[in-house]
Amino acid sequence: MDNAISLELDFGSSKICYGRGLSSLPELLVGRSHILFTDSLLAELYRDELQPYDVVTLPRGEELKTLAQVEHYLGHMLDQDISRKDVVISFGGGAVSDFVGFMASIYKRGIEFISVPTTVLAQVDAALGGKTGVNFGQWKNMVGSFYMPSHILIDSHYCLTQDHDDYKQGFAEIIKHAAIRDLALFEKLEKDCVKLMAKQPEVLEDVIRSAGRIKLDIVAKDAKEAGLRKLLNFGHTVGHGIEKLAGMAHGDAIGVGMSVAAALSQSRCQLSPEAYTRLIDLIGNFDLETVMSQDIEEYWPLLLKDKKAHANAVDYVFLTDIGKAIIEPIALDQLRSLLEDYHASI
Ligand SMILES: NC(=O)c1ccc[n+]([C@@H]2O[C@H](COP(=O)([O-])OP(=O)(O)OC[C@H]3O[C@@H](n4cnc5c(N)ncnc54)[C@H](O)[C@@H]3O)[C@@H](O)[C@H]2O)c1
Ligand SMILES: [Zn+2]
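Start counting at 1 in the sequence shown, then tack on 51, and there's your number in the numbering used here.
Here it is in structure tokens:
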């Protein structure tokens, strides 16, 4: 495909094609059978565009991401005689691409997978980087695989039909990417916030590309999170804990998590007060949460159980400036005392 970006990792490679969507599928499917999985809302919203394809409609959201659903839909693929040379396609947000990618990775030991992400979150984060999986009991993404789609077709126009609350959640990850790696993108977000919140297509497309490129660059250098990829956990150590505790949307929880991480970065890494304020303002301007209203006694046990906490330390991501971040192992008792100081100061 013209203008595709190649992502080569040690467990596979993908072609990422911007400005392409469902209408590009026929040229990729020539002579092969396929199943296109989407969720019930997208099946309705995009009924006409989906009409040429063999569509299977999945339940929406996290209720999809269980091993029981995997078993059910693998059975469906078998019933349809999908062979190893055929293709499965996901058309949806991160829940759909995580689920379908996981099925593709285990069906007959792996068949070709094409991903067409339809949310801001999926286009800049979930669909990029090869992590697939489902939840296990209360634990998110606990069972899964690293598996690369052959193609990722990213058309930002799909995001225009997202409802406002879902749409803005994706901007937490975009702000995260800018904060850890890209001052120019951060400045663009500051300048174009109103246009982005109003879903102006040209600005949105540009920002989705820039934010996606940051993730792709990091993943290309460290696919399996041995080092650099941990930067993408900025805001997620505390964020995951309060997401679970308060039942908050992911982006809001990461908004709070980034605000806390920025405060801790002031005391530990001399992040300037100006940089701190810019980050908090930007998160708030995208209508995401910045205020921690949970009690440390409640979220601390969840933080400890999160799969990224190991032994007596956690790799915590601090900002040293806008666009610059570092990963530092920090002893849990030290993190706890930094967080206690933070709570005492708010
Ligand atoms: N694999 C990874 O690296 C990774 C990274 C981040 C998040 N995730 C996963 O991504 C999921 C969250 O992503 P999400 O919010 O995109 O998931 P989602 O698939 O649950 O979509 C959210 C909602 O938006 C609706 N929707 C999707 N596209 C739409 C569109 N174009 N127009 C209107 N409505 C639309 C869906 O029907 C759904 O109700 C979580 O399961 C999370 O674990 C995975
Ligand atoms: Zn996230």
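Note that beta-carbon positions come from the ideal geometry of N, C-alpha and C, so glycine has one too. Note that the structure is predicted; figures quoted are calculated from it, not measured.
**Asked** Given that a residue counts as buried once 16 or more other Cβ atoms are within 10 Å of its Cβ, and exposed if not, what is Lys242?
**Response** Within a 10 Å sphere around the beta-carbon of Lys242 sit fewer than 16 other beta-carbons, which makes this residue exposed.
**Prompt:** Buried or exposed: which applies to Met343, given that a residue is buried once 16 or more other Cβ atoms fall within 10 Å of its Cβ?
**Reply:** buried
**Request:** Determine the burial state of Glu253: buried for a count of at least 16 other Cβ atoms within 10 Å of its Cβ, exposed for fewer.
**Result:** exposed
**Asked** In whole angstroms, what separates the C-alpha of Pro200 from that of Asp392?
**Response** 44 Å
**Asked** How is Thr117 classed by DSSP in three states: helix, strand or coil?
**Response** coil
**Message:** For a test of the three-state rule: what should DSSP assign to Phe150, helix, strand or coil?
**Reply:** helix
**Request:** Give the straight-line distance between the Cα atoms of Tyr209 and Thr170, rounded to the nearest whole angstrom.
**Result:** 7 Å
**Minimum C-alpha distance to Ala364 - residue among Asp372, Glu379 and Ile373** = The shortest CA-to-CA distance from Ala364 to any of Asp372, Glu379 and Ile373 is the one to Glu379.
**Message:** Report the CB separation of Leu282 from Gly374 in whole angstroms; it is logged as a contact under 8 Å.
**Reply:** Wrong, their Cβ atoms sit about 12 Å apart, outside the cutoff.
**Item:** Residue from Ile157, Ile225, Tyr69 and Lys191 with nearest C-alpha to Thr117
**Value:** Comparing Cα-Cα distances from Thr117 to each of Ile157, Ile225, Tyr69 and Lys191, the minimum goes to Lys191.
**Request:** State buried or exposed for His127, treating a residue as buried only when at least 16 other CB atoms are found within 10 Å of its CB.
**Result:** exposed
**Message:** With H, G and I counted as helix, E and B as strand and the rest as coil, what does DSSP make of Ser201?
**Reply:** coil
**Message:** Looking at Gly195: is its Cβ nearer than 7 Å to the Cβ of Gly184?
**Reply:** yes
**Item:** Neighbourhood of Ser396 by C-beta, 8 Å cutoff - its chain only, sequence neighbours within 5 removed
**Value:** For Ser396, where only same-chain residues beyond five positions count, the Cβ hits under 8 Å are Ala314.
**Message:** Which of the three DSSP states is assigned to Thr169 in this structure?
**Reply:** coil
**Item:** Nearest to Gln321 (by Cα), restricted to the options His85, Asp372 and Pro110
**Value:** Asp372
**Message:** ligand 1 and Tyr218: does the residue's C-beta get closer than 6 Å to at least one heavy atom of that ligand?
**Reply:** No, the beta carbon of Tyr218 sits no closer than 6 Å to any heavy atom of ligand 1.
**Request:** Would you check whether ligand 1 has a heavy atom nearer than 6 Å to the C-beta of Leu204?
**Result:** Answer for Leu204: no, Cβ out of range of ligand 1.
**Asked** So the alpha helix (DSSP H) His287 belongs to, where does it begin and stop?
**Response** His287 to Ala297
**Message:** DSSP three-state label for Glu276, please.
**Reply:** coil
**Simplified DSSP state of Gly72, which is helix, strand or coil** = Gly72: coil per DSSP, three-state reduction.
**Asked** So, Thr341 versus Ile334, is the Cβ gap smaller than 7 Å?
**Response** yes
**Prompt:** Is the region 93-105 touching the region 55-67 in the sense that three or more CB pairs, one from each, lie closer than 8 Å?
**Reply:** No, the region 55-67 is not in contact with the region 93-105.
**Coarse secondary structure for Met193, derived from DSSP in three states** = In the three-state scheme derived from DSSP, where H, G and I count as helix and E and B as strand, Met193 is classed as strand.
**Request:** Examine ligand 1 and report whether any of its heavy atoms sits within less than 6 Å of the Cβ of Val147.
**Result:** yes
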